[in-house]
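Worksheet: one structure, shown below.
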Amino acid sequence: MKKKICLSIVLLFISFNLTGQDLKWTGFENNDFFNENNWQKLSNGLPPQANTLNPDEEITHNLYLTCNTIAQGTIILADEKHLFLENGELKVNKISGFGGVSLNENAHIIFEESLEFNGTTFNFNSSNSSLALKNNTPMNSYENIEYFYVGGNPSFFNDNIKIDNYYIGALIRPLDLSFAPMKLFSEENLAGNSINIGQYEIFSGENIPENFNNSINSFTLERGYMATLATNENGTGKSKVFIASQTKILINELPSYLKNNISFVRVIPWNWVNKKGTAGDITYMNNDWFYRWSNNGESDLNREYVPMVWGKGAADEQVDIDILTSKLKSTHVLAFNEPDNCNDQSGQYGNMCVVDTAFTYYKNLAKTGMRLVSPACRQDQVFTWLNQFNQIAQQDDVRIDVIAVHWYDWNSNPQQNPNANPQDVFYRFTNYLQSVYDLYGLPIWITEFNANRYRNEWVHRQFLELALPYLENLDYVERYSFFPPVTDVADFFDENNNLTWIGELYHNFQSSPSLPNESYLMKNNISEIELENNYEYNCYPELSFLSVENINNNRLIYPNPSENHIYINSDKIYSKTVLLDSNGRKIKSFSESKKIDISFLENGTYFLNVDGTSIKFIKK
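Residue numbers (the numbering used here): 98 to 717.
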């Protein structure tokens, strides 16, 4: 097996002698991978014969694939055969065999079924590429890391490769701190001067490169990343979070309050989780996120940790902010736990139950550039204490992205009603959530909830059977975590650490994506504007992989890659030469020139069209 893997990956970097066995995608008819009419032979441009490509049957060709494609069935690659993907997304049930898959620029594969690691190798040739495994856990992916390569080199977790959550599955992508997922422009419509923004680092004020402080008017953000923009250097002021979950984001025009007014930028990798989580570090609930009423937890391979700033002591110094920003996978921060209670929880310390005091420390959380979840108040205080808190935040232009709530049905006199009708309990729960949403109009996290500690296990069980599917279908609820009562009436585990009724129900319940949107550009408490993503995916099969046609032949252009000039290697005089970007858009035309100046281009992939023949090259 090891020998097969090594041989396969070596062949990915050998220049192939192209034959009629090599096929290139055209996409003439539809997006069906197995439709031969969507392919052509590189030797003569004709489609391959029928039954050349069949699901669940061995493919004996090298395949050059681009654009968005669906393969309903298993792609089986014969020994030493390879699938190259560039500028596209492949949705496939499975890929197997002893061939190799190469993910080039802007290449993404989504596996609908479990990937069986049995021979196929996957090589990431671009930092902007990914594998989404819907039914392989991050731990399972890590255990089979030998099948993944980065630029032909073996992969090492948290060194050159990342493994994030993809809901209950895994997303694998290169870890390249030099990769810049965001591009800022000085003018609207992606015009004017531009700069690239890298990940994790906070850029503020004069530290924003190339004098771009207060000079940003449009931008792009690559899929799989989250960006926070704010008007003040400390992350406060008018601000907005942009999440490019499944598609790239392109903003041609910023809202008026951000135009030429951005002094804070941070980009971090996105992490995909389902709604169901746990209040506490509980490892056996089939969930992919948790919190633990503190900032001292860590994400593991299968779960995202959401840090909580329990009280002011975790938000009053820069070191506290540094702790929050250092958390791998963490994209959100939870604010204070029941600060409204002057006699208990965080409210009893340092006058935190005073709204103004709590807000003073909350403002510091904006420095993280993370998505901000409000303080989680007691049940009724979400309409009083938190409402006052939000009004102050709005007046001071401090962002709240999500409303956190607790709910224990305290208004139903539970001490005197231990055998309450679960339907009635559920009805009060749904009314409460709707009332919260009607007041704030923001997404909701239910960080603690149950049918009340005075109720018996049967009531909790019946309540949960009603509540869980309801929460999954409620679009404004992003996340929830059932909190077993401290009275042990509805615990997840019994005294022998076996699952109880409640534990089995919660463990077995299949959750759905927290943010199902392809991109997220929604409002927050200080912005009513919901932006529209202007990105349109354009694919030009005729422009992809064209350089493979020149492998082992006299190249038409050289050198490739190049720094300053491209030369046309021919005695022929060409009447028209056109320089194109990676999406086939014209940059500049040249007449009867064999020396093309490319010194003004930014590093990246381009095409040179010479009298109708397009050749891909790299500007370095």
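Beta carbons: idealized from backbone N, C-alpha and C, even for Gly.
* Asked: Can you name the residues that DSSP bridges to Y402?
  -> F387
* D493 and R468: beta carbons closer than 7 angstroms? -> D493 is not a Cβ neighbour of R468, given a cutoff of 7 angstroms.
* **E569 and S609 closer than 7 angstroms at C-beta** => yes
* Continuous beta strand (DSSP E) assignments of at least 3 residues falling wholly in the segment 436-508 -> 468-470, 500-504
* Cα-Cα separation, L347 to K121 -> CA-to-CA, the gap between L347 and K121 works out to about 29 angstroms.
* Asked: Taking DSSP as the reference, what is the three-state secondary structure of E639?
  -> Residue state for E639 is assigned as helix, using DSSP reduced to three classes.
* To do: Would you mind working out which of G196, G447, S199, V403 sits nearest R389, comparing C-alpha positions?
  => V403
* Asked: Which runs of the beta strand (DSSP E), 3 residues or longer, sit entirely within the segment 123-201?
  -> 136-138, 160-163, 166-174, 179-183, 185-194, 197-200
* Taking E285 and N349 to be in contact with their CB atoms under 8 angstroms, please state how far apart those CB atoms are, rounded to whole angstroms. => About 6 angstroms; that satisfies the 8 angstroms criterion.
* Determine the burial state of I258: buried for a count of at least 16 other Cβ atoms within 10 Å of its Cβ, exposed for fewer. => buried
* Tell me which same chain residues have a C-beta within less than 7 angstroms of the C-beta of Y529, skipping the five on either side of it? -> W504
* How should G142 be labelled, buried or exposed, when 16 other C-beta atoms within 10 angstroms of its C-beta is the threshold for buried? -> exposed
* To do: Identify whether N649 lies in helix, strand or coil by the three-state DSSP scheme.
  => Note on N649: pLDDT 32, under 50, position unreliable in the model; the coordinate value appears next. Coil, per DSSP.
* List the endpoints of the continuous beta strand (DSSP E) containing I693. => 692-694
* To do: Starting from H662, follow its DSSP beta bridges and name the residues at the other end.
  => Residue pairing by DSSP places H662 opposite D694 in a beta bridge.
* To do: Go through its chain and collect everything with a Cβ distance to L602's Cβ below 8 angstroms, but skip five positions before and after it.
  => R558, L561, E562, L565
* Helix, strand or coil at A82 [DSSP, three-state] -> Past the boundaries of the shown model lies residue 82; the chain is included only from 98 to 717, so the question cannot be answered.
* Asked: Going by beta carbon distance, what residues of the same chain come within less than 7 angstroms of A587, once the five residues before and after it are set aside?
  -> N547, E554, H557, P581, I599
* **Counterpart residues of P610 in DSSP-defined beta bridges** => Looking at the DSSP assignment, P610 forms a beta bridge with N371.
* To do: Give me the Cα-Cα distance between K685 and V675, rounded to the nearest whole angstrom.
  => If I take the Cα positions, the gap works out to 6 angstroms.
* Same chain, Cβ closer than 6 angstroms to G394, five either side skipped, listed in chain order -> Y402
* Asked: Using DSSP with H/G/I as helix, E/B as strand and the rest coil, what is F560?
  -> helix
* Asked: Taking DSSP as the reference, what is the three-state secondary structure of T317?
  -> strand
* Output the residue ranges of the beta strand (DSSP E) runs that lie fully inside the segment 201-281 and measure 3 residues or longer, sorted by chain position. => Correct list: 204-208, 218-221, 226-230, 245-247, 258-263, 266-271.
* To do: Say whether the segment 461-477 touches the segment 325-341, bearing in mind that this needs 3 or more beta-carbon pairs closer than 8 angstroms, one atom from each stretch.
  => Yes, they touch.
* Asked: Which value, in whole angstroms, describes the spacing of the CA atoms of I365 and M323?
  -> 5 angstroms
* Return the chain-ordered list of same chain residues with a C-beta closer than 6 angstroms to the C-beta of G374, the five sequence neighbours on each side being excluded. => N384, W386, F387, R576, S578
* Alpha carbon of S275 to alpha carbon of A267, nearest angstrom -> 23 angstroms
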